[in-house]
Amino acid sequence: TPQIEGEILQSSNLKNFSLTELTAATRNFRKDSVLGGEGDFGSVFKGWIDNHSLAAAKPGTGVVVAVKRLSLDSFQGHKDRLARHGMTHEASLEAEVNYLGQLSHPHLVKLIGYCFEDKDRLLVYEFMPRGSLENHLFMRGSYFQPLSWGLRLKVALGAAKGLAFLHSAETKVIYRDFKTSNVLLDSNYNAKLADLGLAKDGPTREKSHASTRVMGTYGYAAPEYLATGNLSAKSDVFSFGVVLLEMLSGRRAVDKNRPSGQHNLVEWAKPYLSNKRKLLRVLDNRLEGQYELDEACKVATLSLRCLAIESKLRPTMDEVATDLEQLQVPHVKQNRRKSADHFTHGRIATASASPLSRDIANTHP
């Protein structure tokens with residue numbers, strides 16, 4: 043399991059970029075290279091690097107990358123938020139670099155390199171052209187079309203496989219901040235997990251959980267974690283249940299613009315998830331006609347299991363992935379009859395060709 047304290051691991055397979063190299067790769071961080079709006083961490087820029095040497099390349103040549111540059115203001119703001127929870131900003135960045143630098147999986151965003159030069163902090167990722175799951179579920183406009191039912195199942199399965207890998211006996215990493223904005227989509231809508239800055243090593247064999255200060259995002263955190271700070275893989279399972287419910291409903295986990303009683307998605311939707319007729323109140327009306335109700339009920343039941351108050355009653359992410367895989371097969375066959383082309387051979391490919399040899403992709407982590 044990657045160790046994250048103290049310094050960047052020298053054994054990681056990452057390139058230590060200079061600021062000069064990244065300035066050239068992004069054409070001097072031009073405004074028209076910014077991917078999306080400025081986040082609370084700074085901005086993400088589109089850049090180009092050589093496929094083999096990883097040196098800066100001319101626009102339109104080599105491969106596209108996403109360069110996350112932390113602004114001084116956002117750096118301080120994020121630093122203050124982390125400090126309130128007993129974590130330094132440097133530790134958060136080191137965690138992301140060290141985890142993603144050592145872990146490789148088809149459903150984890152590829153971190154290519156980093157630049158920690160003086161006060162500059164930049165991370166270089168594969169470019170994910172479809173952006174985040176959050177955008178596709180909640181953004182309105184011509185660019186982000188609502189995800190179809192079949193694509194939602196595909197994305198859910200990919201994200202589940204990514205979490206299952208992190209939780210595996212060989213890895214033993216707890217994500218701690220699983221949410222729709224951290225699920226990114228490549229050109230074929232394959233889901234990849236991004237931003238492991240809050241990830242934590244899982245408990246040792248002698249313990250059932252790791253104790254830590256509560257971090258993460260309101261609306262996604264498991265109740266036992268909020269109450270006690272006890273963190274386990276089942277905490278991530280709860281967060282996955284929230285995201286699965288967001289995908290079913292097209293509603294945000296927390297939305298203060300909703301009517302009274304509907305602000306918290308889990309609290310509002312839970313009573314409806316086990317009743318076939320009541321479930322229709324929850325399902326995203328943009329999906330009408332795209333699914334069989336029995337199939338939707340199976341997904342709702344899976345979400346409900348993930349959201350169990352007692353962590354021991356929740357499934358493992360391996361079990362979640364297996365259940366979602368079984369839901370894929372009939373849907374993929376149906377899509378083939380309709381000549382749909384979003385799926386590849388009925389399931390998400392698990393071969394891990396280097397992202398740099400593919401169309402490497404993303405609107406940021």
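Residue numbering for the sequence shown follows our numbering, starting at 43 and increasing by one per position.
Beta carbons: idealized from backbone N, C-alpha and C, even for Gly.
N-terminal and C-terminal residue of the beta strand (DSSP E) that residue i is part of
i: Y231; result: Taken as a continuous stretch (DSSP letters only), Y231 belongs to no beta strand (DSSP E), as it is neither H nor E.
i: Y167; result: D162 to E168
i: Y156; result: L153 to E159
i: L355; result: Careful: L355 lies outside any beta strand (DSSP E) and carries neither H nor E.
i: V225; result: V225 to L227
Bounding residues of the alpha helix (DSSP H) (the contiguous stretch that carries residue i)
i: R111; result: No alpha helix (DSSP H) contains R111, which is instead part of the beta strand (DSSP E) from V105 to L112.
i: F282; result: A275 to S291
i: S85; result: Note, S85: premise wrong, no alpha helix (DSSP H); beta strand (DSSP E) at G84 to I91.
i: V308; result: L307 to A311
i: G200; result: W191 to H209
i: N177; result: L175 to F180
i: Y267; result: P265 to T270
i: V341; result: L335 to C348
i: L64; result: L61 to A67
i: L321; result: K318 to L321
Span separating the alpha-carbon of residue i from that of residue j
i: G200; j: H149; result: 6 angstroms
i: G30; j: D162; result: Given a span of 43 to 407 for the chain in the structure shown, any question on residue 30 remains unanswerable.
i: A264; j: R218; result: 10 angstroms
i: L235; j: A363; result: 15 angstroms
i: K196; j: A233; result: 8 angstroms
i: A97; j: L226; result: 25 angstroms
i: L322; j: K73; result: 44 angstroms
i: N58; j: Q144; result: 14 angstroms
i: S174; j: T213; result: 25 angstroms
i: G292; j: W191; result: 11 angstroms
i: R123; j: F158; result: Reliability fails at R123, whose pLDDT of 47 lies under 50, so the model's placement of it is uncertain and the value that follows must be treated cautiously. Going from the Cα of R123 to the Cα of F158 covers about 21 angstroms.
i: P188; j: Q332; result: 12 angstroms
i: V279; j: E63; result: 40 angstroms
i: I154; j: H147; result: 13 angstroms
i: T65; j: L344; result: 46 angstroms
i: M181; j: S316; result: 28 angstroms
i: L349; j: G102; result: 45 angstroms
i: I91; j: R172; result: 20 angstroms
i: L307; j: K320; result: 15 angstroms
i: G303; j: T270; result: 26 angstroms
i: K312; j: Y262; result: 14 angstroms
i: S281; j: K221; result: 7 angstroms
i: W310; j: Q370; result: 28 angstroms
i: K318; j: E334; result: 11 angstroms
i: L164; j: L179; result: 28 angstroms
i: Y314; j: G283; result: 15 angstroms
Candidates the options: closest to residue i by CA position
i: A85; options: K340, H94 and T68; result: Correcting the residue identity first, residue 85 is Ser in this sequence and not Ala. Of the candidates K340, H94 and T68, the one whose C-alpha sits nearest the C-alpha of S85 is T68.
i: K100; options: K110, S146 and K88; result: K88
i: L61; options: V76, K110 and Y141; result: K110
i: N177; options: E288, L369, A108 and L268; result: E288
i: S353; options: L268, Y333 and E367; result: L268
i: L77; options: T65, S95, V107 and V151; result: V107
i: S223; options: H147, V285 and L56; result: V285
i: H209; options: L193, Y141, E266 and E168; result: Y141
i: N230; options: Y262, E63, D336 and R194; result: R194
i: M170; options: K318, V151 and L346; result: V151
i: L135; options: A66, E168, T65 and D237; result: D237
i: L346; options: Q368, L290, E168 and F207; result: L290
i: D228; options: F282, Y167 and T270; result: Y167
i: S95; options: F71, H305, L56 and S75; result: L56
i: R294; options: Q368, E266, T259 and L205; result: T259
i: E138; options: V215, Q370 and E367; result: V215
beta-carbon residue i near the ligand FAD non-hydrogen atom, thresh 6 angstroms
i: L77; result: Judged by which ligands are present, the structure shown has none, so any question about the ligand FAD falls away.
Closer than 7 angstroms to chain C by CB, residue i
i: L238; result: Looking at the structure shown, chain C is missing, and only one protein chain is on hand.
Can you confirm whether the segment 314-332 touches the segment 271-283 when touching is taken to mean that 3 or more C-beta pairs between the two stretches lie within less than 8 angstroms?
Contact fails: fewer than three Cβ-Cβ distances are below 8 angstroms.
Decide if the segment 292-299 is in contact with the segment 348-359; the criterion is three or more beta carbon pairs, one per stretch, under 8 angstroms apart.
Between the segment 292-299 and the segment 348-359, the count of C-beta pairs closer than 8 angstroms stays below three; the two stretches do not touch.
Report yes or no: do the segment 333-349 and the segment 201-220 share at least 3 C-beta pairs separated by less than 8 angstroms?
Three or more beta-carbon pairs separated by less than 8 angstroms are not found between the segment 333-349 and the segment 201-220, which leaves the two stretches without contact.
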